[in-house]
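Colleague: Counting along the sequence shown from 1, when you hit position 73 you're at 1138 in our numbering, and nothing is skipped either side.
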Amino acid sequence: MKKNIIYFTLVTLFLSCEKSNNISDPIETGNTVTTQGLDFIPDLIYCDIGDTVFFILTPSHNAVQVSETTYQNNGGTPLDGGFNIDYGQSGYFVPETIGTYFYVCQPHLPGMKARIIVQ
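#1: Measuring CB atoms only, is the stretch 1129 to 1137 touching the stretch 1102 to 1115, in the sense that at least three cross pairs come out at less than 8 Å?
#2: Is the stretch 1147 to 1157 touching the stretch 1100 to 1107, taking contact as three or more C-beta pairs under 8 Å?
#3: Grab the span of the alpha helix (DSSP H) containing THR1134 for me, first residue to last.
#4: Express the C-alpha separation of LEU1144 and CYS1170 in angstroms, rounding to a whole number.
#5: Just confirm the distance between the C-beta atoms of GLY1156 and PHE1120, as a whole number of angstroms; I'd bet it's less than 8 Å.
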C-alpha cells in the first residue's frame, strides 16, 4: 500500500512538472481583470508578449475583443479570431504580438471598454 502511494505521488509530480513551449498556455501569475459596477478593473493593462491576462467576470458582463475602429466607435462587433469571455465566466488571454488589444462589455457600451497594451 505504501509503495502505491509513493508511486502515485511520484507520477503526479512528474506529470505536473511537464513544460510547454506553447506561448498560448497560461502561466500561474499575471494580470487579472475583474468587473465592478459598469467598469473593468483595471481598464488599462501593460504587459509583455506571453504574459497571461486573466478575466473573472460577473454574470452581467462579458469581455469581447474588438478592432480599434469598433472600439473608437463604441461598437460591440467581435473581432474575428479575437478572445471572447462569456457572461459571468472566467478565462484568460495570452498576447502573442506587440500592440494594443481592445475589448468591451457588449451590453454596457459605450462606457465599459478597456485596453491591453503589449510592449
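Idealized CB from N, CA, C, for every residue including glycine. In this text, all values refer to a predicted model and were calculated from it rather than measured experimentally.
Modeller: Looking at the atomic coordinates:
#1: Below 8 Å, too few C-beta pairs join the stretch 1129 to 1137 and the stretch 1102 to 1115 to call them touching: fewer than three.
#2: no
#3: 1133 to 1137
#4: 13 Å
#5: 5 Å
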